Amino acid sequence: MKTLKAFLLAVLFACSAPLMAAETLTIAAAADLKFAMEEIVAAFKQAHPGDKVDTIFGSSGKFHTQIQQGAPYDLFFSADIKYPQMLAKEGFAASEVRPYAFGRIVLWSPSRDASKMTLADLTDPSIRKIAIANPKHAPYGKRAEEALRSAGLWDKVQDRLVLGENIAQTAQYVQTGNADIGIVALSLALNKELASKGGYALIDDKLHQPLEQGFIVTRRAADNALAKQFADYMGSAEARRIMVHYGFVLPGESLEK
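For the sequence shown, the numbering used here begins at 4 and goes up steadily by one.
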């Protein structure tokens, strides 16, 4: 009888162990990472088939505020490194701030050949609506504003601006015809769905502050082993390859293209 009990307990433990070991991870990621992060998560999960990884995309500024208010995010990937830096100073991080990329902004439109355009072309009367992300909380919107100001165009296009909640929504406005052209993330313009519908033109990075991006493991995930493993995975060859594929410039590499 004792042998049977021991056997049954061993079977029960063996069956339940994978469930007990399964971990969950919630990632808050800037919207410019939409396509790159989905691929990175898919690659990561191949080595972690029993674990659950949820990714939420949005504006970096809003994620910053939500984490301050106790939002249940384990990792925060920001399009502007200043947001995780502020959270780290405020005690909301369980890791150092890790730079992971620089972003680029581009002119993009599915209805005209943006590849031959410059910012000066935005004054063309045929362009009635120009989409940018909201500069108040979206880093890509702030950089778009800086570029337009540097080019002396900000005041000239004010009445034609359509503001997206984040850079993904901004691209969607252009894609659906709610704007004629947009200043969007290169990482989105390189996605096959958008790339098949229009060309893009890189905006001179000297016209705006760098889009240095960084991430943290949040204080909430201080004891989450999966969060730390994913943070380390971002430095892997596969994760770096995916980031480069979507036009991100890795730390230490030149922005010149």
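Quick reminder that beta carbons are idealized off the backbone N, C-alpha and C, glycines included.
Predicted, not measured: the structure shown is a model, and the values here were computed from it.
Check	Outcome
Lys37, buried or exposed, once every other Cβ within 10 Å from all chains shown has been counted against 16	buried
Beta-carbon proximity check, Ala76 vs Thr221, cutoff 7 Å	The question names Ala, but residue 76 is Tyr in the sequence shown. A contact, by the Cβ cut-off of 7 Å.
contact_flag[the segment 34-48, the segment 65-76] where n(CB pairs < 8 Å) is 3 or more	no
Own chain residues within Cβ distance below 7 Å of Ser118, not counting five before or after	Gly202, Tyr203, Ala204
Minimum length 3: unbroken beta strand (DSSP E) runs contained in the segment 114-153	133-136
Ile108 CB to nearest heavy atom of the ligand NAD below 6 Å	Summarising the ligand content, the structure contains no ligands, and the ligand NAD is consequently not present.
CA nearest to the CA of Ser112, picked from Ala33, Gly255, Leu189	Leu189
Close Cβ partners of Ser1 (< 8 Å) along its chain, the five nearest in sequence each way excluded	Summary: the structure shown does not reach residue 1, with the chain confined to residues 4 through 260, and so no result is reported for it.
Straight-line Cα distance separating Phe251 from Gly211	The question names Gly, yet the displayed sequence has His at residue 211. Going from the Cα of His211 to the Cα of Phe251 covers about 16 Å.
Rounded straight-line distance, which links the Cα of Thr179 to that of Ala123	24 Å
Residue burial classification, Gln49 (beta-carbon count within 10 angstroms, cutoff 16)	exposed
Option nearest Asn181 by Cα separation, candidates Asn169, Leu197, Leu164	Leu164
CA-to-CA distance, Ala198 to Tyr176, given in whole angstroms	15 Å
Residue span of the beta strand (DSSP E) that contains Lys55, given as start and end	55-61
CB contact flag (Leu258, Asp208, <7 Å)	yes
CA nearest to the CA of Ile30, picked from Glu148, Arg115, Glu168, Leu229	Leu229
Span separating the alpha-carbon of Ala96 from that of Asp226	12 Å
Arg101, DSSP secondary structure in three states	strand
Cα-Cα separation, Glu41 to Asn194	12 Å
Nonlocal neighbours in the same chain, by C-beta distance under 7 Å from Phe233, ignoring five residues either side	Leu28, Phe47, Leu78
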